[in-house]
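Right, one structure below, let's go through it.
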Amino acid sequence: MVVGIAIHSYRGGTGKSTTTANLAVMLALYDKKVATVDLDLTSPGLHVIYQVSQSIMKVTLNDYVFGRAALEDVVIDLTNQLGLPKGKIYFLGASMKPEEIAKLLKEGYSEQFFKEVTRQLGEAYGVDFVIFDTHPGLNEDTLLAVLSSDVSIMMMRMDKQDITGTYVTAQVLRKFNKTSYVVLNMVPPNMAKAVELRSEVSKLLGIPVIGVVPFYPEILQHRSRGVFILKHPKHPYTLRIKEVVEFIINNIG
Amino acid sequence: MAPKKHYFTRTQDSRTQELRKKISDTLLSTQTNIDEVEKKVSSFEKRLEEILDRLDDLENRLKKLEELLE
Ligand SMILES: Nc1ncnc2c1ncn2[C@@H]1O[C@H](COP(=O)(O)OP(=O)(O)O)[C@@H](O)[C@H]1O
Ligand SMILES: [Mg+2]
Numbered sequence: 013m014v015v016g017i018a019i020h021s022y023r024g025g026t027g028k029s030t031t032t033a034n035l036a037v038m039l040a041l042y043d044k045k046v047a048t049v050d051l052d053l054t055s056p057g058l059h060v061i062y063q064v065s066q067s068i069m070k071v072t073l074n075d076y077v078f079g080r081a082a083l084e085d086v087v088i089d090l091t092n093q094l095g096l097p098k099g100k101i102y103f104l105g106a107s108m109k110p111e112e113i114a115k116l117l118k119e120g121y122s123e124q125f126f127k128e129v130t131r132q133l134g135e136a137y138g139v140d141f142v143i144f145d146t147h148p149g150l151n152e153d154t155l156l157a158v159l160s161s162d163v164s165i166m167m168m169r170m171d172k173q174d175i176t177g178t179y180v181t182a183q184v185l186r187k188f189n190k191t192s193y194v195v196l197n198m199v200p201p202n203m204a205k206a207v208e209l210r211s212e213v214s215k216l217l218g219i220p221v222i223g224v225v226p227f228y229p230e231i232l233q234h235r236s237r238g239v240f241i242l243k244h245p246k247h248p249y250t251l252r253i254k255e256v257v258e259f260i261i262n263n264i265g
Numbered sequence: 685m686a687p688k689k690h691y692f693t694r695t696q697d698s699r700t701q702e703l704r705k706k707i708s709d710t711l712l713s714t715q716t717n718i719d720e721v722e723k724k725v726s727s728f729e730k731r732l733e734e735i736l737d738r739l740d741d742l743e744n745r746l747k748k749l750e751e752l753l754e
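Residue numbers (this note's numbering), protein chains in the order written: chain A, 13 to 265; chain B, 685 to 754.
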C-alpha cells in the first residue's frame, strides 16, 4: 500500500519544503522508497533544496496532468545524487512558468489526479510514501490536495497568527474526518524545553503533535545547500526529524 | 520490450469533482465564531506563558544552586 502524505500549513514560510525533503531522506535511511511532489505551484521550492536546476526539469508535473508526458518522464531519481546508501528518493517538480501554473490551477487539479499519481508511483516505482509539499492556506485547491491524501501533516510556528489559523484549519479538517498530525517548527528554544508544549497544543487543536522542532540558525544558513540531515547526521535537528519519521513508520506506514 | 509507461487520463465526469464541490460547500457553510476562536487561543497562550515562567523560575533556581555548590 502506498501512503499519501500532504505537508500543509496555514501560512507560508513555516518550513514545509524543508521538512518534506528532510523527512523523505530520513525515511529513505529507514530503507523506504519515497516520492516527493512539489505542489506549491505558485512558489515551488523543493527543487532548490534538492539542488535540482530548472534546466534538468524539462518535463514537469504540469505535462503529466495534461497527458503531454508520461510519469516516467517527469520523475527524477535523486537517490545517487544525494548519495543515499539505501532507500529511494524521487522528485516530481512543477513548472515555474506562470501560464502553466494558471492552467493547472484552473483545469488540472482534481481528486482523481492525487489518487492516480499516488497509485501509479506505487506501480511504476514501488514507492512506500508519496509526500505532497503543498501551497499554504485554507483555499480550495490546497484542501483538495490535503483531503485527497491519506494523512495530513500540518506545520505550525508558535505565533498567534499561525496558531489561530491552524486552529481554524483543524476545525475544517475535522468536518472531513481527516487523519491529521501537527509538527511544530521553528519553536523558540526555551519553549521547546517545556515538556507540556506537546500536550497543550494537541489539546487546543484536537490533533496529535508528532514533532517539536526548535529554530536552529544553522538550518537557515544551510538554505539551498542540500538536504540538511545528510550533511549533519548528529545535529539535534536530525534527531527531531528522526522522531517524526519513527512515528510515521510505526503508525502510518 | 520497454515496460509500459504511465499516463494520466483526465475524466471530466461529475464524480471526480465531488470532493471539490464538498470542500467548496463546506467552506461556504462554515460559521466560524471568531470571538470564541480568539478566546481559546488567548487562554492557550496564557497557559503557555505560565508554563514558560515556571520553567524560567526553575532554571534560575538551579543556576543559583549550582553557584552555591561551586
Ligand atoms: N527548524 C528550523 N530552524 C531554522 N530555520 C528553518 C527551520 N525550518 C525551516 N527553516 C528555514 O525557514 C525558511 C522557510 O522554509 P521553507 O521550507 O521554504 O518553508 P515553506 O516551504 O513552508 O514556505 C527556509 O529558509 C528554511 O531554511
Ligand atoms: Mg515551500
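Think of the CB as a built atom: it goes at the ideal place given N, C-alpha and C, for glycine as much as any other residue. Bear in mind that the values here come from a model prediction, so they are computed numbers and not experimental data.
Check	Outcome
Chain A contact residues for B:Leu739, given Cβ-Cβ distances below 8 Å	Asn202, Lys205 and Ala206
Check: A:Lys100 C-beta below 7 Å from any heavy atom of ligand 2	no
Under 8 Å by beta carbon: chain B residues contacting A:Phe227	Those do not exist, as A:Phe227 stays about 15 Å from chain B at its closest Cβ, beyond 8 Å.
Interface residues of chain A facing B:Lys724 [CB-CB closer than 8 Å]	Tyr179 and Leu216
For B:Arg704 and A:Asn202, the rounded distance between their alpha carbons	42 Å
A:Ser192 at chain B interface by Cβ criterion, 8 Å	no
A:Asn197: CB within 7 Å of a non-hydrogen atom of ligand 1	yes
Contact list for the region 240–251 of chain A against chain B, Cβ threshold 9 Å	none
Short CB-CB distance (under 8 Å) between B:Glu729 and chain A	yes
Per DSSP, cross-strand counterpart(s) of A:Ser164	A:Ala18 and A:Ser192
Residues bridged to A:Lys115 (per DSSP)	For A:Lys115, which the question treats as bridged, DSSP gives no partner whatsoever.
A:Thr57 beta carbon near ligand 2 (any heavy atom closer than 7 Å)	One point to set straight first is that residue 57 of chain A is Gly, not Thr, in the sequence displayed. Checking every heavy atom of ligand 2 against the Cβ of A:Gly57, one is found closer than 7 Å.
Proximity of A:Leu251 and A:Val221 at Cβ, strictly below 8 Å	no
Identity of the residues DSSP links to A:Thr146 by a beta bridge	A:Leu51
Start-end ranges of the alpha helix (DSSP H) lying completely within the region 190–259 of chain A, minimum 4 residues	201–204, 209–217, 229–234 and 240–243
Test: A:Thr176 CB closer than 8 Å to a CB of chain B	yes
Three-pair Cβ contact test at 8 Å for the region 242–262 of chain A versus the region 58–73 of chain A	no
Within chain A, partners of B:Gln715 - CB distance below 7 Å	The contacting residues do not exist; B:Gln715 stays about 11 Å from chain A at best.
Three-state secondary structure (DSSP) of A:Ile264	coil
Sub-8 Å separation of A:Gln124 and B:Thr710 beta-carbons	no
Interface residues of chain B facing A:Val82 [CB-CB closer than 7 Å]	This sequence places Ala at residue 82 of chain A; Val is not what is there. Within 7 Å Cβ-Cβ: Lys689, His690 and Tyr691.
CB contact flag (A:Asp140, A:Gly265, <8 Å)	yes
CB contact check: B:Arg694 to chain A, cutoff 8 Å	yes
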